[in-house]
Amino acid sequence: MPWFPLDLNASLRVIDIVGTLAFSMSGALLGVRKRFDLFGVLVLGCVTAVGGGAIRDTLTGNTPPLFLRDETYLWVAILGSLAAFAFGIRLARFERAISLFDTLGLGLFAAAGALGALRLREVGITLGPLGVTFAGMLSGVGGGIVRDLLAHEVPEVLYRRDQLYATAAAGGALAVYLLHGHVPDLEAQLMGAGVVVLLRWLSRRGWVQLPVRRLPEG
Amino acid sequence: MPWFPLDLNASLRVIDIVGTLAFSMSGALLGVRKRFDLFGVLVLGCVTAVGGGAIRDTLTGNTPPLFLRDETYLWVAILGSLAAFAFGIRLARFERAISLFDTLGLGLFAAAGALGALRLREVGITLGPLGVTFAGMLSGVGGGIVRDLLAHEVPEVLYRRDQLYATAAAGGALAVYLLHGHVPDLEAQLMGAGVVVLLRWLSRRGWVQLPVRRLPEG
Amino acid sequence: MPWFPLDLNASLRVIDIVGTLAFSMSGALLGVRKRFDLFGVLVLGCVTAVGGGAIRDTLTGNTPPLFLRDETYLWVAILGSLAAFAFGIRLARFERAISLFDTLGLGLFAAAGALGALRLREVGITLGPLGVTFAGMLSGVGGGIVRDLLAHEVPEVLYRRDQLYATAAAGGALAVYLLHGHVPDLEAQLMGAGVVVLLRWLSRRGWVQLPVRRLPEG
Chain A
1 MPWFPLDLNA
11 SLRVIDIVGT
21 LAFSMSGALL
31 GVRKRFDLFG
41 VLVLGCVTAV
51 GGGAIRDTLT
61 GNTPPLFLRD
71 ETYLWVAILG
81 SLAAFAFGIR
91 LARFERAISL
101 FDTLGLGLFA
111 AAGALGALRL
121 REVGITLGPL
131 GVTFAGMLSG
141 VGGGIVRDLL
151 AHEVPEVLYR
161 RDQLYATAAA
171 GGALAVYLLH
181 GHVPDLEAQL
191 MGAGVVVLLR
201 WLSRRGWVQL
211 PVRRLPEG
Chain B
1 MPWFPLDLNA
11 SLRVIDIVGT
21 LAFSMSGALL
31 GVRKRFDLFG
41 VLVLGCVTAV
51 GGGAIRDTLT
61 GNTPPLFLRD
71 ETYLWVAILG
81 SLAAFAFGIR
91 LARFERAISL
101 FDTLGLGLFA
111 AAGALGALRL
121 REVGITLGPL
131 GVTFAGMLSG
141 VGGGIVRDLL
151 AHEVPEVLYR
161 RDQLYATAAA
171 GGALAVYLLH
181 GHVPDLEAQL
191 MGAGVVVLLR
201 WLSRRGWVQL
211 PVRRLPEG
Chain C
1 MPWFPLDLNA
11 SLRVIDIVGT
21 LAFSMSGALL
31 GVRKRFDLFG
41 VLVLGCVTAV
51 GGGAIRDTLT
61 GNTPPLFLRD
71 ETYLWVAILG
81 SLAAFAFGIR
91 LARFERAISL
101 FDTLGLGLFA
111 AAGALGALRL
121 REVGITLGPL
131 GVTFAGMLSG
141 VGGGIVRDLL
151 AHEVPEVLYR
161 RDQLYATAAA
171 GGALAVYLLH
181 GHVPDLEAQL
191 MGAGVVVLLR
201 WLSRRGWVQL
211 PVRRLPEG
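Residue numbers (UniProt numbering), protein chains in the order written: chain A, 1 to 218; chain B, 1 to 218; chain C, 1 to 218.
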């Protein structure tokens with residue numbers, strides 16, 4: 001029995017919605033900083049918010065993607081974007097806010113993507129650890145990549161050399177793979193998202209780092 | 001009874017083909033301006049032309065996308081690209097030509113995308129106003145985004161601050177949603193495309209504008 | 001009877017794996033040159049390696065894409081990326097190595113994409129020469145486009161004006177279309193890949209070139 005009184009599907013939905021809200025604010029704040037107009041901010045917020053889920057659904061053959069079938073996601077993304085637009089002056093000064101929402105969205109979507117890949121078992125397709133990790137990672141980083149490409153920013157995914165990003169998403173997805181079957185899906189998903197947040201925090205503190213190949217100049 | 005003697009499917013096809021031609025010329029002219037070779041111009045023209053439809057078909061689970069199953073679209077895109085290549089010297093001086101074709105393609109594909117999303121009802125999937133608007137908008141702006149990404153230009157979609165672009169596509173898609181069921185599909189589609197062109201024209205005139213969030217410098 | 005003792009499916013798999021290895025090294029070497037950390041290099045290598053196949057599978061409605069269902073591809077991509085990371089210092093000096101692997105991957109994936117499109121006949125969807133050529137070309141250039149977009153490089157696909165690139169991929173795909181049914185699929189695929197390599201080599205030698213539309217300055 002899960003440790004709080006929500007049934008599984010309702011809980012997954014809640015998680016998806018919180019991730020959607022987080023990513024929409026992250027995308028909208030970037031739009032505000034780049035001085036897009038109101039609609040541009042809305043579009044960037046929405047596309048960032050639904051990008052990860054769209055990649056997850058397309059990869060698992062689940063079309064049309066959930067965000068088109070369930071209006072809630074787009075409404076949530078619009079609300080998050082409007083909030084970011086309204087409070088932009090204050091929020092934009094705090095890069096940390098963008099970053100925090102981004103990390104939350106990253107974790108929640110990476111875990112949801114991994115679980116989505118694992119659930120292909122129900123239609124007879126069993127993915128291994130690498131496939132689940134990769135699908136989860138792409139679902140996690142997809143929204144941010146779309147955001148950065150549309151805003152013509154350098155995609156953060158691979159460039160944040162001082163901090164783990166895609167690595168953190170992959171770690172969370174792998175955690176979901178390992179936990180799946182041992183704990184309820186909901187807890188696996190929350191723990192997976194927690195692993196992402198933890199890895200990001202550890203790397204920001206400088207306690208976890210990855211080697212860079214040093215090249216001779218020229 | 002529609003106001004001209006074409007059956008619905010033939011008419012939709014005509015519209016799709018005109019949109020394909022318009023977008024292929026818009027893409028090819030950008031390629032000419034960037035001094036691509038003949039094949040580069042062809043590829044950019046074709047990818048721009050089929051990008052919107054490919055997004056529409058992928059989102060609605062309609063694979064392989066129409067442009068692969070029906071050779072007409074690629075032939076039309078090739079013809080449009082060759083025409084742009086041949087007349088490039090003269091056309092390239094007239095930025096307006098690119099812009100006009102682009103607006104036409106935007107309107108026709110946004111309307112076709114909205115209608116494609118509405119038609120999922122036939123397989124038991126009913127999308128709401130937001131889903132239809134979003135799917136239509138993405139179908140409309142998809143070709144242009146792919147064009148700009150491939151040409152390493154700043155995607156115009158969100159940056160044309162003096163003019164509505166994605167907003168216009170969303171407005172046209174929403175119009176199709178509202179008209180659907182009340183008028184024949186063909187007329188809904190043409191009116192939706194008309195709304196896009198109208199919104200673009202109004203914004204170019206400076207009569208319609210969206211607020212931009214002003215940030216303090218620094 | 002094919003000219004070497006492998007059954008068709010095993011052979012196609014071998015080809016896919018060699019293409020995967022080639023593209024993963026091409027992507028990983030670019031990551032090394034851009035000083036990504038170890039995981040960034042791995043991700044760029046893997047995404048480059050599976051990008052072409054993912055596009056092929058998505059276009060032909062074959063989801064989830066093969067690279068998620070068969071772990072081999074990701075393992076191969078990881079091995080290729082690690083090798084590039086380990087030997088990066090020496091390899092990075094030799095731009096030719098990146099280019100060679102890239103050409104190999106281009107040829108193998110363009111041919112595989114064309115064959116995948118032709119095989120839609122088995123489910124009653126017959127594509128014509130343009131559709132097969134386009135699907136093959138996109139499968140071939142897809143990995144490289146994703147690589148360049150993620151690394152924020154100008155996509156090489158259309159810009160390598162001194163050399164054929166997408167043209168070569170299209171030529172190889174068209175060759176597969178023409179050969180299909182006349183020779184075994186495996187040989188069609190190998191010959192198609194050979195056409196790509198040949199076209200690239202001829203253009204590097206300066207023996208094959210495409211016209212560029214000359215524009216008056218200004």
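Glycine is no exception: its CB is placed at the ideal position from the N, C-alpha and C atoms.
- Taking the C-beta atoms as reference points, residue 114 of chain C is found no nearer than 9 Å to residue 181 of chain C.
- Distances from the CA of residue 45 of chain A to each of A:175, A:150, A:178 and A:170 were compared; the closest alpha carbon is that of A:150.
- Within the stretch 26-93 of chain A, the runs of alpha helix (DSSP H) at least 4 residues long that lie entirely inside it are, in chain order, 38-59, 66-69, 71-86 and 88-93.
- Its chain contains 191, 192 and 195 as the residues whose beta carbon lies nearer than 7 Å to that of residue 175 of chain C, once the 5 sequence neighbours on both sides are disregarded; these appear in chain order.
- The contact set of residue 13 of chain B on chain C, defined by CB atoms closer than 8 Å, is empty, because the minimum CB distance reaches about 16 Å.
- Runs of alpha helix (DSSP H) with 4 or more residues, each lying fully within the UniProt domain "Glycine transporter" (100-180) of chain C, are found at 129-150, 156-159 and 166-179, listed in chain order.
- Looking at the backbone, the Cα of residue 37 of chain C and that of residue 164 of chain A are separated by about 9 Å.
- With respect to the 9 Å criterion, residue 23 of chain A and residue 144 of chain A are classified as neighbours on the basis of their beta carbons.
- Below the 9 Å Cβ cutoff, chain B contributes no neighbours of residue 133 of chain A, its closest Cβ being approximately 24 Å away.
- Ranked by Cα distance from residue 125 of chain C, the first of B:204, B:64 and B:131 is B:64.
- Between the alpha carbons of residue 82 of chain C and residue 17 of chain C lies a gap of roughly 16 Å.
- With at least 16 other beta carbons inside 10 angstroms of its own, residue 50 of chain C counts as buried.
- If you compare the alpha carbons of B:206, B:205, B:208 and B:201 with that of residue 103 of chain B, the shortest gap goes to B:201.
- Residue 183 of chain C sits in a strand when the DSSP states are folded into three classes.
- The C-beta of residue 173 of chain A comes no closer than 9 Å to any C-beta of chain C.
- Spanning the alpha carbons of residue 111 of chain A and residue 179 of chain A requires a straight line of approximately 11 Å.
- The beta carbons of residue 106 of chain A and residue 154 of chain A sit no closer together than 9 Å.
- In summary, no residue of the stretch 117-147 of chain C has a CB separated from any CB of chain A by less than 7 Å.
- When the alpha-carbon of residue 101 of chain C is set against those of C:199, C:19, C:69 and C:189, the nearest one is in C:19.
- DSSP places residue 208 of chain B outside both helix and strand once states are collapsed to three, so it counts as coil.
- Neighbourhood of residue 64 of chain B in chain C, by CB distance below 7 Å: 59, 60, 61, 120 and 125, in chain order.
- Contact check for residue 127 of chain B and residue 68 of chain A: beta-carbon distance about 6 Å, within the 8 Å limit, so the pair qualifies.
- For residue 47 of chain B, no Cβ of chain A is located within less than 9 Å of the residue's own Cβ.
- Apart from the 5 residues on each side of it in sequence, residue 188 of chain B sits with its Cβ closer than 6 Å to the Cβ of 176, 179 and 180 in its chain, given in chain order.
- Less than 9 Å divides the Cβ of residue 71 of chain A from the Cβ of residue 129 of chain B.
- Residue 52 of chain B is a Cβ neighbour of residue 109 of chain B, given a cutoff of 9 Å.
- A residue is called buried once 16 or more other Cβ atoms fall within 10 Å of its Cβ, and residue 14 of chain B, having fewer, is exposed.
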